[in-house]
Amino acid sequence: MREKNKLYKQIIENRLTTLIIISIIIILMLSILKPGTFLNYSNFSGIFTTMSFDLLLSCGMTIVLIVGGVDLSVGAVVALASIISAVLTKRGMGVFFTIIITILVGAIVGIINGILVTKFKLAPFVATLGIQSIIRGFCYVTTSGYLISGLSPAFTNLSRATIVFIPSLVLISVILSIIVGILLKKMNLFKQMYMIGTSPKSAEMSGIPADKLKVFAYMLSGFFAGLSGVLIASRYGMGAATYGIGFESRAIAASVIGGAVMSGGEGDMFGTMFGVLIVAVVNNAFIQFGGQAEWQYAVSGIMLLITLYADRVKLSAMRRRGH
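Quick note on numbering: the sequence shown equals residues 1472 to 1794 in the working numbering.
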């Protein structure tokens, strides 16, 4: 009996194992309750497409959360990137340079966020929310609310191609997520980010350039948001100011479900990957049971509140144990 309890405790305490079990349970329940609509190629294609965009954003969000920050501008950067890439490709620029320039713009936005947080000492929430509003407003003004369509086939094929029956969009996001996961575990530079999130002052006393690494973390968040915007424009064949609305909520929820905490110092990309899966499947389940697609934003918000509350409970428990 003790051995069984010990095994049960180990499973519960291993977050990744728990997330895998939860993911399997949710998928099995939907497969049983909605076999006709859930278990079909079209539905799974939609789930994995959404997951691909969210996964890229969550790569950056997890890194930012690890250093004790948060990036609320990622959704707006997605819209900006979709517009920039759409305009460039319509004007005849090659796919490669379109991608490079657009991602570079995303990274620059991330650097600006990082500077506002580190040099101007603005709270991450305030700084990135302000940048979000500026970028979203810029997107609406420059497009007048219109969609930018008529993109070149070479650009749209970027995310619509398949490799061994797997969409390139999915492959790109999964491969990059795995790379980030490995870097977080193995590379000293990324290991230092955990120290910054846990105790910035102790990190600086140890000779770690905390501010520079925080700016680097925000730059990576902007980089991934820019890439996500490029792929969204490629996938749907247009750029739009409305793209990315609510994406930041899903990215934060997925990252926290996966093991990150808002106070910093924790986070695991492999856990985040299953967090993205859970968020995507729960949103899909809402539609499966008759919910309107527009209400997904509310569902994402509810999931975010639940995960943040769970994060707070976890933090309180850790403090009581003296961690």
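Every residue, glycine too, gets a C-beta built ideally from N, C-alpha and C.
Check whether the stretch 1731–1741 touches the stretch 1646–1664, counting contact only when three or more Cβ pairs, one atom from each stretch, lie closer than 8 Å.
yes
Taking the alpha carbon of residue 1505 as the point to measure from, which residue in 1757, 1524, 1790 has its own alpha carbon closest?
Locating residue 1505 in the sequence shown gives position 34, counting from the first residue. Considering only alpha carbons, the answer is 1757.
What residues in its chain sit with their C-beta under 7 Å from that of residue 1479, if we drop five residues either side in the sequence?
Taking the sequence shown and counting its residues from 1, the one referred to as residue 1479 is at position 8. A caution first: residue 1479 carries a pLDDT of 48, below 50, which makes its placement in the model unreliable, though a value can still be read off. Once the five neighbours on either side are set aside, residue 1479 has no close Cβ partner at all.
What first and last residue would you give for the alpha helix (DSSP H) that runs through residue 1737?
Along the sequence shown, read from residue 1 onward, the residue named residue 1737 stands at position 266. Taken as a continuous stretch (DSSP letters only), residue 1737 belongs to no alpha helix (DSSP H), as it is neither H nor E.
By alpha-carbon positions, which one of 1519, 1788, 1531, 1494 ends up nearest to residue 1687?
In the sequence shown, the residue the question calls residue 1687 occupies position 216. For the residues 1519, 1788, 1531, 1494, the minimum Cα distance to residue 1687 belongs to 1531.
Per-residue DSSP class, three states only, for residue 1762:
Taking the sequence shown and counting its residues from 1, the one referred to as residue 1762 is at position 291. Note: residue 1762 maps to coil in three-state DSSP.
Buried/exposed call for residue 1541, threshold 16 Cβ in 10 Å:
By one-based count along the sequence shown, residue 1541 stands at place 70. That one is buried.
Applying the 10 Å Cβ sphere with the 16-neighbour rule, what's the burial state of residue 1644?
Numbered from 1 along the sequence shown, position 173 holds the residue referred to as residue 1644. The residue is buried, with at least 16 neighbouring Cβ atoms inside 10 Å.
Collapsed DSSP secondary structure at residue 1599 in the structure displayed
For this step, residue 1599 is matched to residue 128 along the sequence shown. Residue 1599 falls in the helix class under three-state DSSP.
Starting from residue 1421, follow the alpha helix (DSSP H) in both directions and report where the run begins and ends.
Nothing can be reported for residue 1421, as the shown portion of the chain is limited to 1472 through 1794.
I'd like the ranges of any alpha helix (DSSP H) spanning at least 4 consecutive residues and lying wholly in the stretch 1543–1625.
1545–1561, 1566–1589, 1595–1614
Is residue 1548 buried or exposed, if buried means 16 or more other CB atoms sit within 10 Å of its CB?
For the purposes of this step, residue 1548 is identified with residue 77 of the sequence shown, where counting begins at 1. Buried: at least 16 other Cβ atoms inside 10 Å.
Neighbourhood of residue 1557 by C-beta, 7 Å cutoff - its chain only, sequence neighbours within 5 removed:
Reading the sequence shown from its first residue, position 86 is the one you call residue 1557. Short of 7 Å from the beta carbon of residue 1557, and not among the five residues preceding or following it, lie these beta carbons of its own chain, in chain order: 1619, 1622, 1704, 1709, 1710.
Cβ shell of residue 1483 (< 8 Å), same chain only, five flanking positions each side left out:
Residue mapping note: residue 1483 aligns to position 12 of the sequence shown, counting from 1. Summary for residue 1483: the model assigns pLDDT 49, below 50, so the residue's position carries little reliability, and this model does not support an answer.
In three-state DSSP terms, what is residue 1679?
Sequence index remark: in the sequence shown, residue 1679 carries index 208 (1-based). Reduced to three states, the DSSP call for residue 1679 is coil.
Cβ neighbour criterion (16 or more within 10 Å) applied to residue 1624
Mapped onto the sequence shown, residue 1624 falls at position 153. Exposed, by the Cβ-count rule.
Pop quiz: residue 1585 and residue 1552 are said to be a contact at Cβ under 8 Å. What is the actual Cβ separation, rounded to whole angstroms?
Along the sequence shown, one-based indexing puts residue 1585 at 114. Along the sequence shown, one-based indexing puts residue 1552 at 81. At roughly 18 Å, the Cβ-Cβ gap does not stay under 8 Å, so residue 1585 and residue 1552 are not in contact.
Ordered along the chain, which non-local residues of its own chain (more than five positions away) have a Cβ less than 6 Å from that of residue 1674?
Along the sequence shown, read from residue 1 onward, the residue named residue 1674 stands at position 203. Excluding positions up to five away in sequence, the list reads 1666, 1667, 1681.
Touch test, the stretch 1714–1734 against the stretch 1558–1572, Cβ-Cβ under 8 Å, three pairs minimum
The stretch 1714–1734 makes no contact with the stretch 1558–1572: fewer than 3 CB pairs, one atom from each, lie closer than 8 Å.
Cβ pair residue 1733, residue 1779 closer than 8 Å:
For the purposes of this step, residue 1733 is taken as the residue at position 262 of the sequence shown. For the purposes of this step, residue 1779 is taken as the residue at position 308 of the sequence shown. Yes.
With a cut-off of 8 Å on the beta carbons, I'd call residue 1693 and residue 1581 a contact; round off their distance for me.
Counted from its first residue, the sequence shown places residue 1693 at position 222. Counted from its first residue, the sequence shown places residue 1581 at position 110. About 2 Å; that satisfies the 8 Å criterion.
Same chain, Cβ closer than 6 Å to residue 1717, five either side skipped, listed in chain order
The sequence position of residue 1717 within the sequence shown is 246, counting from 1. 1768, 1771, listed in sequence order.
Going by DSSP, what residue range makes up the alpha helix (DSSP H) through residue 1666?
Indexing the sequence shown from 1 puts residue 1666 at position 195. That run of the alpha helix (DSSP H) goes 1659–1669.
For residue 1590 and residue 1607, the rounded distance between their alpha carbons:
The residue you call residue 1607 lines up with position 136 of the sequence shown. The residue you call residue 1590 lines up with position 119 of the sequence shown. Cα to Cα, the separation comes out at about 24 Å.
Measure the CB-CB distance between residue 1550 and residue 1610 and report whether it falls below 8 Å.
The sequence position of residue 1550 within the sequence shown is 79, counting from 1. The sequence position of residue 1610 within the sequence shown is 139, counting from 1. It is a contact, given that the beta carbons lie within the stated cut-off.
How many whole angstroms separate the CB atoms of residue 1751 and residue 1521, which I take to be in contact at a CB cut-off of 8 Å?
The residue labelled residue 1751 in the question sits at position 280 within the sequence shown. The residue labelled residue 1521 in the question sits at position 50 within the sequence shown. A Cβ-Cβ separation of about 5 Å places residue 1751 in contact with residue 1521 under the 8 Å criterion.
Would the beta-carbon of residue 1727 fall within 8 Å of that of residue 1525?
Taking the sequence shown and counting its residues from 1, the one referred to as residue 1727 is at position 256. Taking the sequence shown and counting its residues from 1, the one referred to as residue 1525 is at position 54. Not closer than 8 Å, so no.
Across which residues does DSSP place residue 1637 in a beta bridge pair?
Sequence index remark: in the sequence shown, residue 1637 carries index 166 (1-based). DSSP, once it has assigned bridges, lists 1634 as partnering residue 1637.
Give the DSSP-derived three-state secondary structure of residue 1522 in the structure shown.
Residue numbering aside, residue 1522 sits at position 51 when the sequence shown is read from its first letter. Residue 1522: helix per DSSP, three-state reduction.
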